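Notes for the one structure printed next.
In the numbering used here, the protein residues as written are 12 to 312.
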C-alpha cells in the first residue's frame, strides 16, 4: 500500500501554506486584519485622487477601518463608490458623513468619519454622504490666495514703474555712474598702494628715529640727580627771598633807595633844577661864559 503523504503531496502542502501565510502577511502589512470581524458601508465621490484599496478610515485621527473596494459607474452623478470596512462595534448615526482629505504633503489620502449625535443609526451596507476637503495643501492655498490676490495689483504697479524706469534710461545712467565710481575707486586704490609702498616706510623710519630720541632723552633724564637739583633750586629760591626781604628793609642803601620817598623827591628836585639851569644856560650863555681875545674889560667903578 502506497503512503498517502508522498513527497509531491508534502511539497504541494508546503506551497499552499506558504501562499496562505504570504497572503495574510501582505494584508497584515497593509493594515487589514482578516480575522477581525467588520461591518461595511458605501461612500460615493466625484473623484478620489490618491485613494487606493487599504487607504485608512479614521475617526479623530484613530484608524477604525480601511477602504476594501473601489467601484466606478459611469451612469451615476458620483461615479466612484468606495466600500469601507470598519470595526463591527462602530455605530454610525444618521447624518454622519465621510470626508476625503489629504494626510500630508505627499498627497496621501484618507477618509475621516464625522459622526453626529442623531439617535437613528445607519445599517450595514448603507451609503454615507461623501465630502471632499482640500487637506493641508488646500488649506495653505486657501489661506495664501487672498493675500496673493491683494499683492498682485501692487506687483503689477511695481513692474510697470520698473519698466518705465528702465525705458527712461535711468538705469543705464546709474550703471555708467557706478562704472565711473568703480574706476575712481580703482585709481584711489592704486594711489593708496603707492603711498603704502613709498611714504609709509619713510614715516615709519622717522617714527623709529623719534622713538629712539625719546628713549635717549628718557635715559638722560633718568641719569639726572633729581634730589640735588631740587636742593639747589630750594637754595636759589631762599636766596631770592632773602634778597627780596632786604630790598624791603630801610636798613641798607638799596632799601633806602627803594623805600625812602624823600630821596625820590630830592632827586626829582635836583633834576628839575638841572633842567632849568640848562635852559638858562642855553638862553643866556654870556652870564656864565666871559672870554676876550685881548683880555676881559674891567668893570667901571
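Note that beta-carbon positions come from the ideal geometry of N, C-alpha and C, so glycine has one too. As the structure is a computational prediction, the values presented were derived from the model and not from experiment.
The alpha helix (DSSP H) runs lying completely inside the region 120 to 189 and spanning 4 residues or more are 146 to 179, given in chain order. By the neighbour-count criterion, in which a residue is buried when 16 or more other Cβ atoms sit within 10 angstroms of its Cβ, residue 113 is buried. Shown here, residue 20 sits in a helix according to DSSP, grouped into three states. For residue 80, the beta-bridge partners assigned by DSSP are 94. Linking residue 87 to residue 28 through their CA atoms gives a straight-line distance of about 42 Å.
Each of 143, 228, 98, 102 was checked against the Cα of residue 61, and the nearest Cα belongs to 143.
The alpha-carbon of residue 184 is positioned some 10 Å away from that of residue 191. Segment contact: the region 89 to 108 against the region 52 to 61, three or more CB-CB distances shorter than 8 Å; contact assigned. For the 7 Å CB-CB criterion, residue 105 and residue 131 form a contact. In this structure, the straight-line span from the alpha carbon of residue 58 to that of residue 64 is close to 15 Å. Taking a C-beta distance under 7 Å as the contact criterion, residue 139 and residue 109 qualify as a contact pair. Of the residues assessed, residue 288 falls on the exposed side of the cut-off, its CB having fewer than 16 other CB atoms within 10 angstroms.
Around the beta carbon of residue 284, fewer than 16 other beta carbons sit within 10 angstroms, so the residue counts as exposed. Measuring C-alpha to C-alpha distances from residue 70 to each of 97, 195, 231 identifies 97 as the nearest.
In the three-state scheme derived from DSSP, where H, G and I count as helix and E and B as strand, residue 75 is classed as strand.
If you draw a straight line from the Cα of residue 290 to the Cα of residue 278, it comes to about 18 Å. Note on residue 168: under 16 other CB atoms within 10 angstroms of its CB, so exposed under the neighbour-count rule.
Annotated as proximal: residue 122 and residue 68, with beta-carbon spacing under 7 Å. With respect to the C-alpha of residue 79, the residue from 187, 136, 174, 170 having the closest C-alpha is 136.
Across the structure, residue 293 and residue 282 are spaced so that their CA atoms are roughly 17 Å apart. The beta carbons of residue 126 and residue 120 sit about 20 Å from each other, so the pair does not count as a contact at 8 Å. A straight-line Cα-Cα distance of about 11 Å links residue 82 and residue 89.
DSSP places residue 296 outside any beta strand (DSSP E), giving it a letter other than H or E.
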